[in-house]
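So that you can map any letter, position 347 of the sequence shown is 347 in UniProt numbering, and since no number is skipped, the others follow by simple counting.
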Amino acid sequence: MSNHRRPVDERPEFQYVPREPRRHRYLDEDDDQVDYAPPPEDDDVVTTGRHAVVYDDRHVDEPHADYTEPVYEQSAYENPVYERRFDPEPVYEDGYGPRSYGDAHAYRAPAVDDRAYDEPAYADEPVHVDEQYEAHTYPGDRYDTPPDEPDVAFAEAETQIISAIPEEIPPTRAHARTQARRRKQAKGRARRGKLFGALAAATVLIVLVGIVFVGGKMFFGGPDAPADYAGPGGPEVVVQVHPGDTAEEIASTLAERDVVASGSAFFNAAVQSNAMNSVQPGFYSLSTQIPADDAVQELVDPASRVGQMIISEGRQLHDTTDVQTGAKKKGIYTLISEASCIGEAGQEQCIGYDDLNAAGAGDLSALGVPDWAKDAVAGVPDRDRQLEGLIAAGSWDFDPTAGPAAILQRLVTESSASYEKTGILTAGNQVGLTPYKMLIAASLVEREAMPDDFSKVARVILNRLAVNQALQFDSTVNYALDTTELATTDADRAQVTPWNTYASPGLPATPISSPSIGALQAVEQPAPGDWIYFVTVDSKGTTLFTKSYDEHLANIDQALNNGILNSGR
Numbered sequence: 001m002s003n004h005r006r007p008v009d010e011r012p013e014f015q016y017v018p019r020e021p022r023r024h025r026y027l028d029e030d031d032d033q034v035d036y037a038p039p040p041e042d043d044d045v046v047t048t049g050r051h052a053v054v055y056d057d058r059h060v061d062e063p064h065a066d067y068t069e070p071v072y073e074q075s076a077y078e079n080p081v082y083e084r085r086f087d088p089e090p091v092y093e094d095g096y097g098p099r100s101y102g103d104a105h106a107y108r109a110p111a112v113d114d115r116a117y118d119e120p121a122y123a124d125e126p127v128h129v130d131e132q133y134e135a136h137t138y139p140g141d142r143y144d145t146p147p148d149e150p151d152v153a154f155a156e157a158e159t160q161i162i163s164a165i166p167e168e169i170p171p172t173r174a175h176a177r178t179q180a181r182r183r184k185q186a187k188g189r190a191r192r193g194k195l196f197g198a199l200a201a202a203t204v205l206i207v208l209v210g211i212v213f214v215g216g217k218m219f220f221g222g223p224d225a226p227a228d229y230a231g232p233g234g235p236e237v238v239v240q241v242h243p244g245d246t247a248e249e250i251a252s253t254l255a256e257r258d259v260v261a262s263g264s265a266f267f268n269a270a271v272q273s274n275a276m277n278s279v280q281p282g283f284y285s286l287s288t289q290i291p292a293d294d295a296v297q298e299l300v301d302p303a304s305r306v307g308q309m310i311i312s313e314g315r316q317l318h319d320t321t322d323v324q325t326g327a328k329k330k331g332i333y334t335l336i337s338e339a340s341c342i343g344e345a346g347q348e349q350c351i352g353y354d355d356l357n358a359a360g361a362g363d364l365s366a367l368g369v370p371d372w373a374k375d376a377v378a379g380v381p382d383r384d385r386q387l388e389g390l391i392a393a394g395s396w397d398f399d400p401t402a403g404p405a406a407i408l409q410r411l412v413t414e415s416s417a418s419y420e421k422t423g424i425l426t427a428g429n430q431v432g433l434t435p436y437k438m439l440i441a442a443s444l445v446e447r448e449a450m451p452d453d454f455s456k457v458a459r460v461i462l463n464r465l466a467v468n469q470a471l472q473f474d475s476t477v478n479y480a481l482d483t484t485e486l487a488t489t490d491a492d493r494a495q496v497t498p499w500n501t502y503a504s505p506g507l508p509a510t511p512i513s514s515p516s517i518g519a520l521q522a523v524e525q526p527a528p529g530d531w532i533y534f535v536t537v538d539s540k541g542t543t544l545f546t547k548s549y550d551e552h553l554a555n556i557d558q559a560l561n562n563g564i565l566n567s568g569r
């Protein structure tokens, strides 16, 4: 914006119009010069392209007096825009300060304007323009222009209102440089933002590392390296890994049992071994006073696992022999004995089969026999068989360093809990059996049928019991003989035992095996039917059920023809 001072005693309505155009105040030295054309004699305005430039034909004495900027035509905008202030310039004798461009200018009196002037505007107050001659400023252009007609009052602040061109003006070199500088600054800010982001991420990482370091120091017991044994190791001990144990909890257990010198040493070694993910809950025999790395290696070695066994469905307490092949089938007591061995090969220490058999014949309460079975178990004719069926089939872990009675007590107690989850305590009311008798019936189902026929065989048992008909199951004959055979001889069936259902009506004195949960559920919810007889007729396990005895005899002939009922003796 141009600032002009009015000469002393000058009329307020006096208008000063430059004789020749001036250069833009902020043009660079290498910008194109503004062509000069003398003013016409009859008109004060010369139209050049889209701009109208006002000239003044009045001369002044000073060769370098300032002049006003070119005036650009434009239509009025709706809202008034207020001008910007510039600091006043030095005043010379004619009342005008020197300019940084242009030649000397003379001034002449403008035509008399009969419109009223606004009150003088001070430097800090905006000057309002009549709507017909509204002014607008563009901060990026850095120059101001007055309207066509010199209609604006000169205030005490000696500023004038500019009017910007409503059409788009190509940017000047200075403006282009400004935009380039701004883009450069924006790129710089983006680079600084990335740098600050990287620095922030690094700071967070450092903080996390510090937290881990401090936490590790707290767990490891101070700044010194954790205590560790050098070896070679001492006697073996058995440690237990509980379900859900973390590496820290395992480390604490090993330190308590003196396997390692400190839990932190084992933890450091454990987190570096992927094999630690394979460690399962159970009991492990480990050397004492060994380096943490060696402790990890022993723990992940399958040979270190002790006290683990799997009891298959239909397994008995005692060993049995297959009549046809002579193969021996290990009983539950044998499985426990083998799983209890600890120590180096050739020097193992195991719980003996006879020790377990003797413990199984002991006090019922000490063995964990549940209350719903105690009365019946107390009346078992053979004390060596009193725990039959009370140890459930499945995968088991026990402490081999415990005594035989303690091991059996653990197995019986946990088995009773799994049985009770099936509803054995209440389901018997619907079938007319006590919980213990339901367990006996389930053991018969397990030994007599395939899983798909469990519920049908359970129904046959209940139907025969309902009419007091002997069950006549070969499996009950085999149980008393500790043999395994699909078909029995007449002599075997003639032997009267508390378990032989050919010789005695009703259920056997005890379960004849460890039933599966599926077999027990089949007794609790048997299939509907009036079947009394069933027989397996082929090697695939196909079983035929019938109510008719004649049909049953025909089914037996079919089984004989297929070689199913042939005795091995």
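From the three backbone atoms N, C-alpha and C, an ideal C-beta is built for every residue, glycine too.
Please read all numbers here as calculations on a predicted model, not as lab measurements.
Given residue i as reference, the closest of the options once Cα atoms are compared
i	options	result
residue 520	499, 392, 506 and 495	392
residue 249	265, 236, 481 and 234	265
residue 453	229, 525, 561 and 464	525
residue 572	487, 284 and 539	Residue 572 falls outside the range modelled here, since the chain spans only 1 to 569, and no answer is possible.
residue 522	271, 370, 469 and 444	444
residue 424	386, 272 and 372	372
residue 361	344, 333 and 348	333
residue 403	354, 433, 347 and 384	354
residue 385	462, 509, 541 and 555	509
residue 380	422, 420 and 436	436
residue 261	274, 229 and 359	229
residue 467	432, 541 and 182	432
residue 552	539, 352, 534 and 541	534
residue 233	246, 289 and 247	289
residue 484	540, 491 and 474	474
residue 303	273, 329, 344 and 281	344
Which residues DSSP lists as bridging residue i, in chain order
i	result
residue 397	308
residue 284	239 and 305
residue 412	Note: residue 412 sits in no beta bridge, so no partner.
residue 328	321
residue 349	342
residue 582	Not covered by the structure: residue 582. The range shown for the chain is 1 to 569.
Extent of the continuous alpha helix (DSSP H) to which residue i belongs
i	result
residue 267	263-270
residue 431	424-431
residue 438	435-448
residue 510	Run containing residue 510: none; DSSP gives neither H nor E here.
residue 313	It is not in any alpha helix (DSSP H) - residue 313 carries neither H nor E in the DSSP assignment.
residue 555	549-561
residue 253	247-256
residue 499	Unbroken run through residue 499: none, as it is neither H nor E.
residue 391	Residue 391 -> no alpha helix (DSSP H), and no H or E assigned at all.
residue 456	454-466
residue 297	292-300
residue 520	517-524
Cβ pair residue i, residue j closer than 8 Å
i	j	result
residue 286	residue 323	no
residue 493	residue 477	yes
residue 564	residue 537	yes
residue 366	residue 409	yes
residue 269	residue 308	no
residue 458	residue 441	yes
residue 460	residue 531	yes
residue 561	residue 544	no
residue 263	residue 255	yes
residue 446	residue 515	yes
residue 279	residue 239	no
residue 294	residue 231	yes
residue 501	residue 472	yes
Own chain partners of residue i with C-beta closer than 7 Å, once the 5 adjacent residues on each side are dropped
i	result
residue 415	390, 391 and 392
residue 369	377, 390 and 412
residue 318	331, 333 and 482
residue 111	Note that residue 111 scores a pLDDT of 46, beneath 50, so its modelled location is shaky; the value from the coordinates is reported in the next line. Excluding sequence neighbours, residue 111 sits near nothing in its chain.
residue 299	279, 284 and 286
Beta strand (DSSP E) segment containing residue i, residue limits
i	result
residue 322	320-322
residue 534	533-536
residue 545	543-546
Sequence-distant residues of its chain with Cβ nearer than 6 Å to residue i (five each side left out)
i	result
residue 479	499 and 512
residue 418	392
Close beta carbons around residue i, own chain, < 8 Å, minus the five adjacent residues each side
i	result
residue 277	none
residue 356	333, 336, 337, 404, 407 and 408
residue 438	424, 427, 428, 431, 520, 523 and 524
residue 559	535, 536, 537, 538 and 565
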